[in-house]
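Each remark here refers to the structure printed beneath this line.
Residue numbers (the numbering used here), protein chains in the order written: chain H, 1 to 77; chain P, 78 to 237.
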C-alpha cells in the first residue's frame, strides 16, 4: 500500500479527481459513465463509489489510487 | 424533478442555495456537522460533503472565498495576501513553489497567481465550496483553505 493518503473531489460533470491529501495536488482525473449515487470513499489505495447507468443499473465501482485504473465493477441492483 | 427545481428558484427555502437556474445546494444542519449536497440541473447528485465547526463551517468558508474573490477582482493585493496562510504552497504544472511570507507574495503577486488561475477563481462560485478531510476547496481544487490559528486561511493554490 502507498504511504501517501488521498481524497476524492468532484471535477466537473461525471468526473472525479484524486487529490494527494498533503500537497492537494491533483494526482489523476477519471471520468465515469452514469450518475453518482454515493459519496466516493478512499481507503488506502482503493476508491469506491456507486453509480446508476442510463439503463437504470446500479453499480459499485472500484478504482486504483493513484493510477485511476478501474479494476472492479459489481452490479448492486 | 425539473419542475421542483424551478419552484425552488422562485421560492427559496431554508437550507437551499440556488447556484443557477437549475442546480442547487441543500444544507442540512446535523447535530455535530453540516451536510451539503449539490444537485445538478438534471436532478442527479453532483457532490456531498460535510463541514464541522472545529474545522470550519460552510458559511465561514463561503465568506473567506467571497472575500478572496472580491480582493482578486479589484486586484487589492494586500487583501489577497491577508487571505493566505504562510508558508503558502503554489503547485504549478512543473513544480511546487513555497511562498514563505506576505512580503514575498506582495513582491510579485502575478507570478504566483497567473491570469488564467485568477480567471478560474473568479469564474467559480464560493457557494459551491466542497469540504474534504478538514479542508475545503473551490474552483475544482484550484484553491484550498483550512482552519489555522488566525481563522480560515488559504494554504494551497493549484495553478491552472
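All residues carry an ideal CB built from backbone N, CA and C; glycine is no exception.
So which of H:60, H:65 and H:7 has the shortest CA-CA distance to residue 77 (chain H)? H:60
Hey, could you find the ends of the beta strand (DSSP E) residue 5 (chain H) is sitting in? Segment: none, residue 5 (chain H) is in no beta strand (DSSP E) and carries neither H nor E.
Interface positions of the region 15–27 of chain H facing chain P (Cβ-Cβ less than 7 Å), listed along the chain: Listed in sequence order: 17, 19, 21, 23, 24, 25 and 26.
Note down, in chain order, every chain C residue with its Cβ under 7 Å from the Cβ of residue 48 (chain H). In summary, chain C is missing from the structure at hand, where the protein chains are H and P.
With H, G and I counted as helix, E and B as strand and the rest as coil, what does DSSP make of residue 195 (chain P)? helix
Going along chain P, which residues have a C-beta under 8 Å from residue 60 (chain H)? Here the premise fails: no neighbours, minimum Cβ distance about 15 Å.
Backbone secondary structure at residue 251 (chain P) - three-state DSSP: Nothing about residue 251 (chain P) can be read from this structure; chain P reaches only from 78 to 237.
Inter-residue spacing [alpha-carbon to alpha-carbon] between residue 118 (chain P) and residue 101 (chain P): 8 Å
Chain H contact for residue 154 (chain P) (CB, 8 Å cutoff): no
Thinking just about the alpha-carbon of each residue, which of H:68, H:67 and H:52 is nearest to the one in residue 33 (chain H)? H:52
Along chain P, which residues have their Cβ under 7 Å away from the Cβ of residue 39 (chain H)? 125
Option in P:157, P:114, P:233 and P:147 with minimal Cα separation from residue 187 (chain P): P:157
Please state whether DSSP places residue 32 (chain H) in a helix, a strand or coil. coil
Do you know offhand how far residue 101 (chain H)'s Cα is from residue 111 (chain P)'s? This structure cannot speak to residue 101 (chain H), because chain H is shown only from 1 to 77.
Judging by CA-CA distance, which residue of H:12, H:40 and H:35 is the nearest neighbour of residue 62 (chain H)? H:40
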